[in-house]
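Engineer: Before we start, here is the structure in question, set down as structure tokens.
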Amino acid sequence: METEIRYYFSEKYYEKLLEGLKKNKDLKYKGCFYELTAQYDHPMKEMSFYSKKIDGRFRIRCSKQEDGKNANCKISWKRRLQNTAKGLVNKEEEVEVDFNYNQLDNLMFLLEDVIHMHKVESYERYRNVFFNDDIEIVVDKYPFGIALEIENKGNENNAENNIVSWAKKLNLSPKDAYRLSWDDKYTSLCKEQNIKIYNDVKFGLPMPKILD
Numbered sequence: 002m003e004t005e006i007r008y009y010f011s012e013k014y015y016e017k018l019l020e021g022l023k024k025n026k027d028l029k030y031k032g033c034f035y036e037l038t039a040q041y042d043h044p045m046k047e048m049s050f051y052s053k054k055i056d057g058r059f060r061i062r063c064s065k066q067e068d069g070k071n072a073n074c075k076i077s078w079k080r081r082l083q084n085t086a087k088g089l090v091n092k093e094e095e096v097e098v099d100f101n102y103n104q105l106d107n108l109m110f111l112l113e114d115v116i117h118m119h120k121v122e123s124y125e126r127y128r129n130v131f132f133n134d135d136i137e138i139v140v141d142k143y144p145f146g147i148a149l150e151i152e153n154k155g156n157e158n159n160a161e162n163n164i165v166s167w168a169k170k171l172n173l174s175p176k177d178a179y180r181l182s183w184d185d186k187y188t189s190l191c192k193e194q195n196i197k198i199y200n201d202v203k204f205g206l207p208m209p210k211i212l213d
């Protein structure tokens, strides 16, 4: 179970958010990581992860620090639960499996050529990670804007209170959080700003922008 809350900002707040979190003595800074995430769907249409019945995301994510060190990969499954939007924070099913970066080609062969899963979309981002024993706060730079995510890492019984407490420390209200996923945000921005929707959301492509 993953318990989190997410906010979006325009690009001009990127440095300000990082500066504020780096000054917080209760948090450690892990660093900035470049991430490339590809999302795959089930080979059988009736079992599509994107259906309302399942509403999940099967992801392959590779990340490395900006200096090129500490490359790692993971398989990630994330699914909205029926009570995801109830309460002040998101509660979602999440399962992750780490694997060696050198095994990426073999995994792609198994997924695409053996199981016949197909890639639906992908996206790039730069992720800054701040943490302690109870919380993880990330600032993500997407091609279309900035996201700040607060995720509980401590006692599950106190998860919502922990997240809400940290949101208040950052002068954020749970009522202003965005409850859907990054692709929902990206798609809605494209429609609002009449910009082409790309399956691969990358820096350098024509992108919508989160406005103040």
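Add 1 to the 1-based position in the sequence shown for the numbering used here, that's all there is to it. Each residue gets a CB set at the ideal place from its N, CA and C atoms; glycine is no exception.
With the cut-off set at 8 Å, would you say F10 and G146 are in Cβ contact?
Structural biologist: yes
Engineer: Given 8 Å as the limit, is there contact between the region 44 to 53 and the region 131 to 145, that is, 3 or more CB pairs closer than that?
Structural biologist: no
Engineer: When you compare each of D185, A39, L212 to E113 by their alpha carbons, which one comes out closest?
Structural biologist: A39
Engineer: To the nearest angstrom, how far is it from the Cα of F59 to the Cα of S77?
Structural biologist: 6 Å
Engineer: Tell me the rounded alpha-carbon separation between N103 and R62.
Structural biologist: 13 Å
Engineer: Which term fits M2, buried or exposed, when burial requires 16 or more other beta carbons within 10 angstroms of its beta carbon?
Structural biologist: exposed
Engineer: In this structure, how does DSSP classify S123 when only helix, strand and coil are distinguished?
Structural biologist: When secondary structure is reduced to three states using DSSP, S123 falls in the strand class.
Engineer: Report the residue from L89, V90, C74 whose alpha carbon sits nearest the alpha carbon of E97.
Structural biologist: C74
Engineer: With a cut-off of 8 Å on the beta carbons, I'd call L173 and Y8 a contact; round off their distance for me.
Structural biologist: 6 Å
Engineer: Tell me, to the nearest whole angstrom, how far the beta carbon of N132 is from that of K29; I am working on the premise that it is less than 8 Å.
Structural biologist: Per the sequence shown, residue 132 should be read as Phe rather than Asn. F132 to K29, Cβ: 6 Å. Contact.
Engineer: For L111 and K197, I'd like the C-alpha separation in whole angstroms.
Structural biologist: 32 Å
Engineer: Select from M45, S123, K169, K13 the residue whose C-alpha is nearest the C-alpha of D213.
Structural biologist: K13
Engineer: Tell me C74's beta-bridge partners as DSSP assigns them.
Structural biologist: C63, F100
Engineer: From L181 to Y127, what distance separates their C-alpha atoms?
Structural biologist: 20 Å
Engineer: Run through DSSP, which three-state label would V115 get?
Structural biologist: helix
Engineer: Over the uninterrupted alpha helix (DSSP H) stretch that includes E21, give me the two end residues.
Structural biologist: Residue identity check: residue 21 is Gly in the sequence provided, not Glu. It spans 15 to 23 - the alpha helix (DSSP H) in which G21 sits, taken as one unbroken run.
Engineer: Roughly how many angstroms lie between the CA atoms of L82 and P175, to the nearest whole one?
Structural biologist: For L82 and P175, the distance between alpha carbons rounds to 19 Å.
Engineer: How long is the line joining the alpha carbons of D141 and N101, rounded to whole angstroms?
Structural biologist: 24 Å
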